[in-house]
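A.B. asks: Residue numbers (this note's numbering), protein chains in the order written: chain L, 161 to 438; chain H, 200 to 651. Beta carbons: idealized from backbone N, C-alpha and C, even for Gly. To start, I am sharing the structure in question, which I have written as structure tokens.
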Amino acid sequence: MDSSLLFGFSMIAYILASAMYLAGLLFKAPRFNLAGTCLTIGGVAMHSLATLLRWQETHQVGSGHAPLTNMYESLVFFALCTALLYLFLEYRYKMRGLGAFILPIAALIMAYASFSPRIDDSIKPLIPALQSNWLIAHVVTCFIGYGAFAIAGALGLMYLLKKRGAQQRENGLLPSLASIDELTYKTLIFGFLWLSAGIITGAIWANEAWGTYWSWDPKETWSIITWFLYALTLHARFTRGWSGTRIAWLSIVGFVAVLFTYFGVNFFLSGLHSYGAS
Amino acid sequence: MTAKQKNSLIELLASVQLALFLLFLLSTTAIIGTLIPQHAQPALYSQQYGPAAARFIQLLDIDDMYNSWWFLSLLTLFAINLIVCSADRLPRLIRLLKRDNLATTREQLERFSLQRAMDSPLPCDEQLGHLQSIFKEHGWKAQERRTESGAVLLFAQKAPWSRFGVYLVHASILIILVGAVVGSPAFARKVLKNSDFAYKGFVMLPERAFTDHVVAIRQNQPINLGFMLRCDQFHIEFYDNGMPKTYRSQVTVLEQGQEVLRTEIEVNKPLRYKGVTFYQSSYQPYQNYEIQLKKQPDGVTSTQIIPPAQETHWEAGGISYGIINRERQGEVTRRVKLWLHDGEGEASQLWVEMGKEVVIERPSGQYLLNIKQMYATGLQAAKDPGVWLVYLGCLLMLTGLYAAFFLSHRKLFAHVQENGPGCRLLFAGTANKNKVQFGHVFTRMADKLQQR
Ligand code: HEM
Numbered sequence: 161m162d163s164s165l166l167f168g169f170s171m172i173a174y175i176l177a178s179a180m181y182l183a184g185l186l187f188k189a190p191r192f193n194l195a196g197t198c199l200t201i202g203g204v205a206m207h208s209l210a211t212l213l214r215w216q217e218t219h220q221v222g223s224g225h226a227p228l229t230n231m232y233e234s235l236v237f238f239a240l241c242t243a244l245l246y247l248f249l250e251y252r253y254k255m256r257g258l259g260a261f262i263l264p265i266a267a268l269i270m271a272y273a274s275f276s277p278r279i280d281d282s283i284k285p286l287i288p289a290l291q292s293n294w295l296i297a298h299v300v301t302c303f304i305g306y307g308a309f310a311i312a313g314a315l316g317l318m319y320l321l322k323k324r325g326a327q328q329r330e331n332g333l334l335p336s337l338a339s340i341d342e343l344t345y346k347t348l349i350f351g352f353l354w355l356s357a358g359i360i361t362g363a364i365w366a367n368e369a370w371g372t373y374w375s376w377d378p379k380e381t382w383s384i385i386t387w388f389l390y391a392l393t394l395h396a397r398f399t400r401g402w403s404g405t406r407i408a409w410l411s412i413v414g415f416v417a418v419l420f421t422y423f424g425v426n427f428f429l430s431g432l433h434s435y436g437a438s
Numbered sequence: 200m201t202a203k204q205k206n207s208l209i210e211l212l213a214s215v216q217l218a219l220f221l222l223f224l225l226s227t228t229a230i231i232g233t234l235i236p237q238h239a240q241p242a243l244y245s246q247q248y249g250p251a252a253a254r255f256i257q258l259l260d261i262d263d264m265y266n267s268w269w270f271l272s273l274l275t276l277f278a279i280n281l282i283v284c285s286a287d288r289l290p291r292l293i294r295l296l297k298r299d300n301l302a303t304t305r306e307q308l309e310r311f312s313l314q315r316a317m318d319s320p321l322p323c324d325e326q327l328g329h330l331q332s333i334f335k336e337h338g339w340k341a342q343e344r345r346t347e348s349g350a351v352l353l354f355a356q357k358a359p360w361s362r363f364g365v366y367l368v369h370a371s372i373l374i375i376l377v378g379a380v381v382g383s384p385a386f387a388r389k390v391l392k393n394s395d396f397a398y399k400g401f402v403m404l405p406e407r408a409f410t411d412h413v414v415a416i417r418q419n420q421p422i423n424l425g426f427m428l429r430c431d432q433f434h435i436e437f438y439d440n441g442m443p444k445t446y447r448s449q450v451t452v453l454e455q456g457q458e459v460l461r462t463e464i465e466v467n468k469p470l471r472y473k474g475v476t477f478y479q480s481s482y483q484p485y486q487n488y489e490i491q492l493k494k495q496p497d498g499v500t501s502t503q504i505i506p507p508a509q510e511t512h513w514e515a516g517g518i519s520y521g522i523i524n525r526e527r528q529g530e531v532t533r534r535v536k537l538w539l540h541d542g543e544g545e546a547s548q549l550w551v552e553m554g555k556e557v558v559i560e561r562p563s564g565q566y567l568l569n570i571k572q573m574y575a576t577g578l579q580a581a582k583d584p585g586v587w588l589v590y591l592g593c594l595l596m597l598t599g600l601y602a603a604f605f606l607s608h609r610k611l612f613a614h615v616q617e618n619g620p621g622c623r624l625l626f627a628g629t630a631n632k633n634k635v636q637f638g639h640v641f642t643r644m645a646d647k648l649q650q651r
């Protein structure tokens with residue numbers, strides 16, 4: 161068994177889990193949600209195993225490295241972080257309806273990583289610039305943050321949909337607006353802490369490798385733009401009392417900025433980080 | 200400026216509205232520099248955007264926008280906003296923390312959202328003992344004060360200092376900004392008039408060569424290092440699939456002609472010496488080769504640097520040799536075909552890999568041969584006296600964010616008053632964050648109190 165097969169299985173598990181959670185939402189049947197949870201747990205387990213397997217496989221091409229060093233590997237790790245954080249939230253806050261919004265994100269990321277012709281999934285040895293433990297710290301911290309922001313964005317979307325639907329009919333499986341709002345805020349602060357750590361570890365790595373911790377290359381600039389946007393969102397909330405719809409929109413805008421930092425910069429702009437595009 | 204105007208200016212500078220506006224401006228304007236190329240030739244801008252737009256770009260320094268007067272002004276205003284805002288609020292926080300909690304009255308406690316009143320058959324002193332032990336069990340260290348009316352107030356708190364988390368985060372941003380200014384070459388050049396204080400430089404150093412200076416990037420001016428750096432050797436290693444694995448320079452630092460340090464520089468493993476950091480940044484292959492030869496059993500040796508396709512004669516070893524073919528990848532030679540003759544029989548011809556010793560058997564003896572291409576190593580040199588401030592700021596920021604987001608200042612009060620043979624008890628608590636979670640803790644403790 162090789163890692164790409166296992167990654168494929170976890171992708172299928174996420175797709176099925178998305179379908180189950182969506183069915184749970186549409187038919188208001190908790191049984192579907194339970195199936196969704198089981199599939200997600202299975203998917204995350206295979207996903208983690210596949211990551212470890214791929215780590216082992218890197219030893220065959222070079223001296224071995226954590227599988228966090230190119231676009232494919234980071235996408236796959238992004239999906240893992242999102243799914244794992246979701247499971248944690250479901251366990252902690254018992255919000256199953258959330259799965260219908262988040263599992264599709266994880267499934268989509270995995271499908272994109274596996275099928276896009278722009279993404280090379282072959283295992284390559286590390287070029288000298290990437291041989292650094294700061295890289296590992298950088299990728300891990302960034303993607304925990306991105307995972308949280310994906311969830312915050314999904315929560316924002318859920319809030320807006322629920323608010324729209326609230327006038328028409330009550331969907332008992334979605335949590336109350338107030339608890340969605342509260343959880344959005346919690347997820348945002350969690351993500352903000354990790355994004356800050358991600359930017360900091362990235363800066364330290366840049367300083368170790370190139371002698372400048374900050375060079376305003378497009379990727380760095382976009383990451384600080386994203387950071388500013390979330391800082392703005394948080395301040396609007398705890399000093400101006402913004403909540404509900406406005407925070408929901410801001411968490412969606414924030415996630416769009418995250419996506420642009422991650423994909424847009426690689427595809428539309430050029431810079432130091434361009435090797436990430438391969 | 201009248202006092203009133205001054206006050207409203209300070210009010211503006213202390214306001215969060217301004218902060219939100221500046222955060223919005225910073226994030227939107229920062230996009231410009233990611234769309235319009237930075238530091239390009241002026242001609243490129245008029246070619247790409249037309250002469251009018253190019254003039255506008257020059258006027259607003261958009262070709263170097265992150266160092267432009269207006270962007271730096273925005274950042275400065277942001278920093279001032281942060282300082283004034285914090286200075287405005289800090290005294291209030293300090294007053295809050297200095298408040299005498301043991302002076303809280305029962306009436307005030309009754310207004311807390313977390314509170315529970317109970318009547319206890321126990322005499323007051325015994326009840327107080329219970330309270331103290333329950334507080335202790337849950338990790339709270341309580342203080343006690345008896346009021347004039349004979350009632351007793353118990354008070355305990357956790358993590359009051361976590362309220363400073365926000366200020367730590369805000370201060371950390373300022374520290375990072377100061378660090379960035381201190382380490383900025385432009386600041387050293389233009390304000391301190393001392394470009395040695397902080398710089399980014401570069402040197403292309405051939406193997407065996409020395410340098411006592413580097414060249415400042417963009418200004419193209421030499422900057423003295425105050426010591427000598429010699430490149431002893433440069434190596435490239437490749438993976439089996441041809442991808443580069445390692446770029447490595449062996450270097451020696453010399454002070455007044457004395458070797459003081461011999462070390463290696465690799466990508467991600469810079470050399471730090473006297474405040475200057477040298478980074479492996481590039482290399483330049485030369486089309487000549489160093490050949491080391493040793494003849495056995497005589498033990499005579501020779502080291503020669505030769506270009507390809509040139510016959511060289513080694514008198515003491517009694518041979519002639521030369522490079523007759525090369526296999527290259529770009530400018531980098533992977534192996535060469537060597538020709539070697541000692542005048543007896545046929546000449547030897549063989550492919551030799553760079554850096555791998557080979558043994559050539561000849562009628563006149565055994566020749567140990569090692570060949571390597573000559574390189575210059577490209578080293579970037581940076582002197583950044585502000586980087587430690589930046590790192591300190593980063594550390595403080597993460598600590599502060601953690602404290603601001605995840606720790607909360609929690610307070611518990613218990614007011615005990617005589618009531619016939621028993622006593623009347625009011626248990627109350629507050630937390631500035633994570634109120635739901637604290638509510639659970641509070642309920643658990645209150646239930647325990649009631650059970651006794
Ligand atoms: C991007 C830069 C900034 C970051 C990362 C940042 C971070 C934070 C954090 C983590 C908090 C605490 C949130 C909480 O209590 O849950 C906070 C609160 C606050 N920030 Fe900022 N901040 C920034 C810029 C600013 C600026 C420029 C101002 C200027 C007015 C400002 C004003 C405030 C205020 C008034 C509070 C509330 C303080 C309180 O609760 O007493 N912040 N900030």
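Along chain H, which residues have their Cβ under 9 Å away from the Cβ of residue 360 of chain L?
C.D. replies: Under the 9 Å cutoff, chain H gives 590, 593, 594, 596, 597.
A.B. asks: Spell out whether any CB of chain H is found under 7 Å from the CB atom of residue 388 of chain L.
C.D. replies: With 7 Å as the cut-off, residue 388 of chain L counts as an interface residue toward chain H.
A.B. asks: Expressed to the nearest angstrom, what Euclidean distance is found between the alpha-carbon atoms of residue 239 of chain H and residue 262 of chain H?
C.D. replies: Taking the straight line from one Cα to the other gives about 7 Å.
A.B. asks: Could you give the distance in angstroms between the alpha-carbon of residue 244 of chain L and the alpha-carbon of residue 205 of chain L?
C.D. replies: One C-alpha to the other measures close to 10 Å.
A.B. asks: At a cut-off of 6 Å, would you count residue 218 of chain H as near the ligand HEM, judging by its Cβ distance to the nearest heavy atom?
C.D. replies: Yes, the ligand HEM has a heavy atom inside 6 Å of this Cβ.
A.B. asks: Measuring alpha carbon to alpha carbon, tell me which residue in H/327, H/527, H/595, H/471 is nearest residue 612 of chain H.
C.D. replies: Among H/327, H/527, H/595, H/471, the Cα nearest to that of residue 612 of chain H belongs to H/327.
A.B. asks: Is it the case that the Cβ atoms of residue 344 of chain L and residue 320 of chain L are separated by a distance below 7 Å?
C.D. replies: In this structure, residue 320 of chain L does not lie closer than 7 Å to residue 344 of chain L by Cβ.
A.B. asks: Name, in chain order, the residues that DSSP records as bridge partners for residue 565 of chain H.
C.D. replies: DSSP, once it has assigned bridges, lists H/495, H/560 as partnering residue 565 of chain H.
A.B. asks: Going by C-alpha distance, which of H/535, H/348, H/215, H/359 is nearest residue 610 of chain H?
C.D. replies: Among H/535, H/348, H/215, H/359, the Cα nearest to that of residue 610 of chain H belongs to H/359.
A.B. asks: Please confirm whether residue 240 of chain L has its beta-carbon closer than 7 Å to some beta-carbon of chain H.
C.D. replies: Not one chain H Cβ lies under 7 Å of residue 240 of chain L.
A.B. asks: Cβ-heavy atom distance between residue 399 of chain L and the ligand HEM below 6 Å?
C.D. replies: Yes, the ligand HEM has a heavy atom inside 6 Å of this Cβ.
A.B. asks: When every heavy atom of the ligand HEM is checked, does at least one fall within less than 6 Å of the C-beta of residue 281 of chain H?
C.D. replies: It does: the Cβ of residue 281 of chain H is within 6 Å (strictly closer) of some heavy atom of the ligand HEM.
A.B. asks: Within its chain, find whatever has a CB closer than 6 Å to the CB of residue 547 of chain H; leave out the 5 residues flanking it on each side and keep chain order.
C.D. replies: 539, 559, listed in sequence order.
A.B. asks: Mind listing which residues of the segment 451–465 of chain H have their C-beta closer than 8 Å to chain L's C-betas, in chain order?
C.D. replies: Residues 465.
A.B. asks: Unbroken beta strand (DSSP E) runs of length 3 or more, entirely within the segment 445–499 of chain H: which are they?
C.D. replies: Correct list: 457–465, 470–472, 475–495.
A.B. asks: Shortest alpha-carbon distance to residue 225 of chain L belongs to which of L/284, L/317, L/302, L/394?
C.D. replies: That would be L/284, whose Cα lies nearest to the Cα of residue 225 of chain L.
A.B. asks: With a threshold of 6 Å, establish whether the CB of residue 417 of chain L neighbours any heavy atom of the ligand HEM.
C.D. replies: No; taking the cut-off as 6 Å, the Cβ of residue 417 of chain L has no heavy atom of the ligand HEM nearer than that.
A.B. asks: Beta carbon of residue 239 of chain L, beta carbon of residue 195 of chain L: below 7 Å?
C.D. replies: Cβ distance not < 7 Å, so residue 239 of chain L and residue 195 of chain L don't count as in contact.
A.B. asks: Are residue 422 of chain H and residue 434 of chain H closer than 7 Å when you measure CB to CB?
C.D. replies: Not in contact: residue 422 of chain H and residue 434 of chain H (Cβ atoms no closer than 7 Å).
A.B. asks: What residue range does the beta strand (DSSP E) around residue 421 of chain H cover?
C.D. replies: Element bounds for residue 421 of chain H: 421–437.
A.B. asks: Is it buried or exposed, residue 230 of chain L, if we count other Cβ atoms within 10 angstroms and call 16 or more buried?
C.D. replies: With 16 or more Cβ atoms within 10 Å of its Cβ, residue 230 of chain L is classed as buried.
A.B. asks: What three-state label does DSSP hand residue 345 of chain H in the structure shown?
C.D. replies: Of the three classes helix, strand and coil, the one that applies to residue 345 of chain H here is strand, per DSSP.
A.B. asks: Is any heavy atom in the ligand HEM found nearer than 6 Å to the beta carbon of residue 593 of chain H?
C.D. replies: Residue 593 of chain H: no, Cβ never under 6 Å from the ligand HEM.
A.B. asks: By DSSP, does residue 219 of chain H sit in helix, in strand, or in coil?
C.D. replies: Helix, per DSSP.
A.B. asks: Thinking C-alpha only, which one of L/212, L/253, L/236, L/294 is nearest residue 340 of chain L?
C.D. replies: Among L/212, L/253, L/236, L/294, the Cα nearest to that of residue 340 of chain L is on L/253.
A.B. asks: Against chain H, does residue 227 of chain L count as a neighbour if the rule is that its beta carbon must be under 7 Å from one of theirs?
C.D. replies: Not one chain H Cβ lies under 7 Å of residue 227 of chain L.
A.B. asks: Name, please, each residue of chain L whose Cβ falls closer than 8 Å to the Cβ of residue 581 of chain H.
C.D. replies: Chain L residues near residue 581 of chain H: 371, 372.
A.B. asks: Less than 7 Å between the beta carbons of residue 372 of chain L and residue 301 of chain L, yes or no?
C.D. replies: Not in contact: residue 372 of chain L and residue 301 of chain L (Cβ atoms no closer than 7 Å).
A.B. asks: Please state whether the Cβ-Cβ distance between residue 595 of chain H and residue 273 of chain H is less than 7 Å.
C.D. replies: No, Cβ-Cβ distance for residue 595 of chain H and residue 273 of chain H is not below 7 Å.
A.B. asks: Is there a Cβ from chain L that is less than 7 Å from the Cβ of residue 632 of chain H?
C.D. replies: No, no contact with chain L.
A.B. asks: According to DSSP, residue 503 of chain H sits in a beta bridge with which residue or residues?
C.D. replies: Answer by DSSP bridge pairing, in chain order: H/490.
A.B. asks: Using the Cα positions of residue 309 of chain L and residue 227 of chain H, report the straight-line distance between them to the nearest angstrom.
C.D. replies: When rounded, the distance between both Cα atoms is 20 Å.
A.B. asks: Residue 576 of chain H by DSSP, collapsed to three states: which one?
C.D. replies: Residue 576 of chain H falls in the strand class under three-state DSSP.
A.B. asks: State yes or no: is the C-beta of residue 211 of chain H within less than 7 Å of the C-beta of residue 277 of chain H?
C.D. replies: Cβ atoms of residue 211 of chain H and residue 277 of chain H: not closer than 7 Å.
A.B. asks: Closer than 7 Å, Cβ to Cβ, to anything on chain L: give me those residues from the segment 342–370 of chain H, in chain order.
C.D. replies: Cβ contacts with chain L: none found.
A.B. asks: If you measure between the beta carbons of residue 374 of chain H and residue 588 of chain H, is that distance less than 7 Å?
C.D. replies: Contact flag set, yes.
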